[in-house]
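A.B. asks: Reading the sequence shown from the start, the letters are residues 374 to 792 in this note's numbering. If you scroll down you'll find the structure; I have some questions about it.
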Amino acid sequence: MEKFLIKGGAPLEGEIPVSGAKNSALPALAACLLTDEAVTLRRVPRVRDIRTMERLLEHIGAAVERSDNGRVTVQAAALANPEAPYDLVKTMRASSLVLGPLVARTGRARVSLPGGCAIGARPINLHVAGLEQLGAVISQTHGYIEARAPQGLRGARVHFDRITVTGTEDILMAAVLASGETLIENAAREPEVVDLADLLTRMGARIEGAGSSLIRVQGVERLHGADHTIIPDRIEAGTFLIAGAITGGDLLVTGCRPDHLGALIQKLRQAGCELAEPDASTLRVRRPGHLKATDVTTEEYPGFATDLQAQYLALMTQGEGISFITETIFENRFMHASELLRMGANIRVEGRQAIVAGPSRLSGAGVIASDLRASASLVLAGLVARGETLVDRVYHIDRGYERIEEKLARVGADIRRVD
Ligand code: EPZ
Numbered sequence: 374m375e376k377f378l379i380k381g382g383a384p385l386e387g388e389i390p391v392s393g394a395k396n397s398a399l400p401a402l403a404a405c406l407l408t409d410e411a412v413t414l415r416r417v418p419r420v421r422d423i424r425t426m427e428r429l430l431e432h433i434g435a436a437v438e439r440s441d442n443g444r445v446t447v448q449a450a451a452l453a454n455p456e457a458p459y460d461l462v463k464t465m466r467a468s469s470l471v472l473g474p475l476v477a478r479t480g481r482a483r484v485s486l487p488g489g490c491a492i493g494a495r496p497i498n499l500h501v502a503g504l505e506q507l508g509a510v511i512s513q514t515h516g517y518i519e520a521r522a523p524q525g526l527r528g529a530r531v532h533f534d535r536i537t538v539t540g541t542e543d544i545l546m547a548a549v550l551a552s553g554e555t556l557i558e559n560a561a562r563e564p565e566v567v568d569l570a571d572l573l574t575r576m577g578a579r580i581e582g583a584g585s586s587l588i589r590v591q592g593v594e595r596l597h598g599a600d601h602t603i604i605p606d607r608i609e610a611g612t613f614l615i616a617g618a619i620t621g622g623d624l625l626v627t628g629c630r631p632d633h634l635g636a637l638i639q640k641l642r643q644a645g646c647e648l649a650e651p652d653a654s655t656l657r658v659r660r661p662g663h664l665k666a667t668d669v670t671t672e673e674y675p676g677f678a679t680d681l682q683a684q685y686l687a688l689m690t691q692g693e694g695i696s697f698i699t700e701t702i703f704e705n706r707f708m709h710a711s712e713l714l715r716m717g718a719n720i721r722v723e724g725r726q727a728i729v730a731g732p733s734r735l736s737g738a739g740v741i742a743s744d745l746r747a748s749a750s751l752v753l754a755g756l757v758a759r760g761e762t763l764v765d766r767v768y769h770i771d772r773g774y775e776r777i778e779e780k781l782a783r784v785g786a787d788i789r790r791v792d
């Protein structure tokens, strides 16, 4: 199994480029199922979750053509097999994103229930309830959700009891082909939802309010092909900003959207970092002095992203004082804490809160990645730890970061992939 071998201590300096957003490219690929015409997506990151989604689309019956420069063209002319099987769903929960498009386009879908995962239970009950509102008849057998709407979906009011990102995306994709008007209330406001709405609009959908908590959709009879560029990955960009901050370097994070990173930028400034925006797609991070402990509570966008919590926690091991890191989105997202303890961090986890006392002199150790963002936090800790850190199970990090070790090495990190 592949590992990262990291020798800590080097401040990161130079330019580090940001890839397209994994969590935008995933729903965008699922949206390609909504039309029989070809849809071209650009800036699709080459990460494992994207490959899994492409395999899922092929399993369903779409033709997927990918080129080296991040361009992917999908043509879903006929959908012979409208189902997401267990072996794909269990490796990537975002597979449930095909539920909405499949019912909307073919009147039926069969999607395996995801089961538990490292960061929490992650059910899809809200996706299912939303589809029922749109008129789908849902049954559950043999671990699969089956949805049927032989007469097509009809627009309705869908109110989410809690904010769900892929739930909002799933229902949005179903609603664009439903007859009449759909109102999605308490919708997720994440930039990835807006990006999906932009793609769907290019495909001929009629959507208002994406990016707010009320999305209004007027259903259309059919969608057509389109050409769309995926937004930059704000979580990758945020991870790099934290890498610059933790190593005390001077890093330019290029090709990003600073306006998507407001909550993190504010926290980094409170912690004593200097953040500048030399141009509209670049952020510069420097740390002139010591880091200060700062508290963080994860929230839905535009709040502090849960997907940056693990990385921020690693940063706070270097902050002076006590910081309280509170996780409100997922119930079990502190798996990285016990690995960071092995590197000498001082962290106590109490329920949904991690209390971090710093600064700690981290020392390199063998650690195990448990999920995507937890593995990123271990890499960050390895960049400042004394001696060698060996991060095992880096396939987790490959799910969502494009060649992270190459990007970090180019700005001065001593990191390499070993078998
Ligand atoms: C998306 O997951 C992201 N994935 C996650 O990124 C991210 O952590 C998460 O949103 C929160 O921002 C993609 O976009 C592909 P949710 P999603 O539905 O949509 C509960 C990463 O590291 N819930 O917004 O699955 C759920 O259990 C990944 O890149 C229900 O109860 O998350 C959670 O507590 C990990 N029932 C909360 O809502 C449902 O039907 C928010 O989850 C759906 C969700």
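Note that the Cβ used here is the ideal one computed from N, Cα and C, for glycine as well. If you're wondering where the values come from, they're calculated on a predicted model, not measured in any experiment.
Confirm, please, whether the CB-CB distance from residue 575 to residue 599 is below 8 Å.
C.D. replies: Walking along the sequence shown from the start, residue 599 turns up at place 226. Walking along the sequence shown from the start, residue 575 turns up at place 202. Closer than 8 Å, so yes.
A.B. asks: Along the chain, where does the beta strand (DSSP E) that runs through residue 731 open and close?
C.D. replies: Within the sequence shown, residue 731 is the residue found at index 358, counting from 1. That run of the beta strand (DSSP E) goes 726-731.
A.B. asks: Could you tell me the boundaries of the alpha helix (DSSP H) in which residue 711 lies?
C.D. replies: By one-based count along the sequence shown, residue 711 stands at place 338. Taken as a continuous stretch (DSSP letters only), the alpha helix (DSSP H) holding residue 711 covers 708-715.
A.B. asks: Let's test the definition: count the other Cβ atoms within 10 Å of the Cβ of residue 500 and tell me whether it reaches 16, buried, or not, exposed.
C.D. replies: Taking the first residue of the sequence shown as 1, we reach residue 500 at position 127. It counts as buried.
A.B. asks: Looking at the unbroken beta strand (DSSP E) that takes in residue 651, where does it start and where does it end?
C.D. replies: Along the sequence shown, one-based indexing puts residue 651 at 278. Counting along the chain, the beta strand (DSSP E) containing residue 651 begins and ends at 647-652.
A.B. asks: Does the separation of the CB atoms of residue 404 and residue 569 fall below 8 Å?
C.D. replies: Within the sequence shown, residue 404 is the residue found at index 31, counting from 1. Within the sequence shown, residue 569 is the residue found at index 196, counting from 1. In contact: residue 404 and residue 569 (Cβ atoms closer than 8 Å).
A.B. asks: So the beta strand (DSSP E) residue 765 belongs to, where does it begin and stop?
C.D. replies: Taking the sequence shown and counting its residues from 1, the one referred to as residue 765 is at position 392. Judged by DSSP secondary structure, residue 765 falls within the beta strand (DSSP E) whose first and last residues are 761-765.
A.B. asks: Measuring straight from C-alpha to C-alpha, what distance separates residue 428 and residue 470?
C.D. replies: Taking the first residue of the sequence shown as position 1, residue 428 is located at position 55. Taking the first residue of the sequence shown as position 1, residue 470 is located at position 97. The straight-line gap from Cα to Cα measures roughly 14 Å.
A.B. asks: Between the Cα of residue 729 and the Cα atoms of 743, 710 and 745, which residue gives the shortest distance?
C.D. replies: Along the sequence shown, read from residue 1 onward, the residue named residue 729 stands at position 356. Comparing Cα positions, the closest option is 710.
A.B. asks: Residue 500: beta carbon under 7 Å from a heavy atom of ligand 1?
C.D. replies: Along the sequence shown, read from residue 1 onward, the residue named residue 500 stands at position 127. Yes, ligand 1 has a heavy atom inside 7 Å of this Cβ.
A.B. asks: Short of 6 Å in beta carbon distance, which residues of its chain neighbour residue 627, apart from the five on each side in sequence? Order them along the chain.
C.D. replies: Residue mapping note: residue 627 aligns to position 254 of the sequence shown, counting from 1. Cβ within range, chain order: 388, 390 and 655.
A.B. asks: Hey, is residue 565 close to ligand 1, as in C-beta under 7 Å from one of its heavy atoms?
C.D. replies: In the sequence shown, the residue the question calls residue 565 occupies position 192. Answer for residue 565: yes, Cβ within range of ligand 1.
A.B. asks: Looking only at C-alpha atoms, which of 671, 631, 639 and 643 sits nearest to residue 652?
C.D. replies: Within the sequence shown, numbered from 1, the residue matching residue 652 stands at position 279. For residue 652, the nearest C-alpha among the options comes from 631.
A.B. asks: Does ligand 1 have a heavy atom nearer than 7 Å to the CB of residue 396?
C.D. replies: Counted from its first residue, the sequence shown places residue 396 at position 23. Yes, Cβ of residue 396 sits closer than 7 Å to a heavy atom of ligand 1.
A.B. asks: With residue 487 as the anchor, note down where its beta strand (DSSP E) starts and where it stops.
C.D. replies: Taking the sequence shown and counting its residues from 1, one reaches residue 487 at position 114. Careful: residue 487 lies outside any beta strand (DSSP E) and carries neither H nor E.
A.B. asks: Within a Cβ cutoff of 6 Å, which residues of the same chain sit near residue 449, ignoring the five residues on either side of it in sequence?
C.D. replies: Counted from its first residue, the sequence shown places residue 449 at position 76. Answer for residue 449: 405, 406 and 435, listed in chain order.
A.B. asks: Give the range of the beta strand (DSSP E) segment to which residue 521 is assigned.
C.D. replies: Within the sequence shown, numbered from 1, the residue matching residue 521 stands at position 148. 517-521 is the extent of the beta strand (DSSP E) around residue 521.
A.B. asks: If you check the beta carbons only, do residue 556 and residue 530 fall under 8 Å apart?
C.D. replies: On the sequence shown, residue 556 is found 183 positions in, with the first residue counted as 1. On the sequence shown, residue 530 is found 157 positions in, with the first residue counted as 1. Their beta carbons are under 8 Å apart, which means residue 556 touches residue 530 by this criterion.
A.B. asks: Using only CA atoms, which one of 604, 619, 397 and 700 lies nearest to residue 679?
C.D. replies: Residue mapping note: residue 679 aligns to position 306 of the sequence shown, counting from 1. Minimum Cα distance to residue 679 is reached at 700.
A.B. asks: Would residue 504 and residue 472 qualify as a contact pair, given that the criterion is a beta-carbon distance under 8 Å?
C.D. replies: Residue mapping note: residue 504 aligns to position 131 of the sequence shown, counting from 1. Residue mapping note: residue 472 aligns to position 99 of the sequence shown, counting from 1. A contact, by the Cβ cut-off of 8 Å.
A.B. asks: Counting contacts by CB-CB distance shorter than 8 Å, is residue 678 in contact with chain C?
C.D. replies: Absent from the structure is chain C; it holds one protein chain and no more.
A.B. asks: Going along the chain, which residues of its own chain have a beta-carbon closer than 8 Å to the beta-carbon of residue 732, five neighbours each way excluded?
C.D. replies: One-based indexing of the sequence shown puts residue 732 at position 359. Around residue 732: 663, 664, 690, 691, 692 and 693.
A.B. asks: Can you tell me the Cα-Cα spacing of residue 779 and residue 789, whole angstroms?
C.D. replies: Reading the sequence shown from its first residue, position 406 is the one you call residue 779. Reading the sequence shown from its first residue, position 416 is the one you call residue 789. Using only the alpha carbons, I get a separation of about 8 Å.
A.B. asks: What do you get for residue 737, buried or exposed, if any count of 16 or more other CB atoms within 10 angstroms of its CB means buried?
C.D. replies: Working through the sequence shown from its first residue, we reach residue 737 at position 364. Flag for residue 737 reads buried.
A.B. asks: Is any heavy atom in ligand 1 found nearer than 7 Å to the beta carbon of residue 635?
C.D. replies: As a first step, residue 635 must be located in the sequence shown, where it is residue number 262. Residue 635: no, Cβ never under 7 Å from ligand 1.
A.B. asks: Tell whether a beta-carbon distance below 8 Å holds between residue 601 and residue 625.
C.D. replies: Against the sequence shown, residue 601 aligns to sequence position 228. Against the sequence shown, residue 625 aligns to sequence position 252. No, Cβ-Cβ distance for residue 601 and residue 625 is not below 8 Å.
A.B. asks: When the distance is taken between beta carbons, is residue 641 closer than 8 Å to residue 658?
C.D. replies: Numbered from 1 along the sequence shown, position 285 holds the residue referred to as residue 658. Numbered from 1 along the sequence shown, position 268 holds the residue referred to as residue 641. Closer than 8 Å, so yes.
A.B. asks: Is it true that the CB of residue 380 sits closer than 8 Å to the CB of residue 761?
C.D. replies: Taking the sequence shown and counting its residues from 1, the one referred to as residue 761 is at position 388. Taking the sequence shown and counting its residues from 1, the one referred to as residue 380 is at position 7. Taking 8 Å as the Cβ cut-off, residue 761 and residue 380 qualify as a contacting pair.
A.B. asks: Return the first residue and the last residue of the alpha helix (DSSP H) that residue 639 is part of.
C.D. replies: Looking up residue 639 in the sequence shown gives position 266. Looking at the DSSP string, the run of the alpha helix (DSSP H) that includes residue 639 is 635-643.
A.B. asks: For residue 775, is the classification buried or exposed, using 16 other Cβ atoms within 10 angstroms of its Cβ as the cut-off for buried?
C.D. replies: Residue 775 sits at position 402 when you count from the first residue of the sequence shown. Per the 10 Å Cβ criterion, buried.
A.B. asks: Which of helix, strand or coil does DSSP assign to residue 423?
C.D. replies: The residue labelled residue 423 in the question sits at position 50 within the sequence shown. Residue 423: helix per DSSP, three-state reduction.
A.B. asks: Could you tell me whether any non-hydrogen atom of ligand 1 is closer than 7 Å to the CB of residue 399?
C.D. replies: As a working note, residue 399 is residue 26 in the sequence shown. Yes, the Cβ of residue 399 comes within 7 Å of a heavy atom of ligand 1.
A.B. asks: With distances taken between CB atoms, is the gap from residue 750 to residue 643 smaller than 8 Å?
C.D. replies: Taking the sequence shown and counting its residues from 1, the one referred to as residue 750 is at position 377. Taking the sequence shown and counting its residues from 1, the one referred to as residue 643 is at position 270. Going by C-beta atoms, residue 750 is not nearer than 8 Å to residue 643.
A.B. asks: For residue 460, which of 475, 386, 440 and 486 has the nearest alpha-carbon?
C.D. replies: If you number the sequence shown from 1, residue 460 lands on position 87. Closest option to residue 460, Cα to Cα, is 486.
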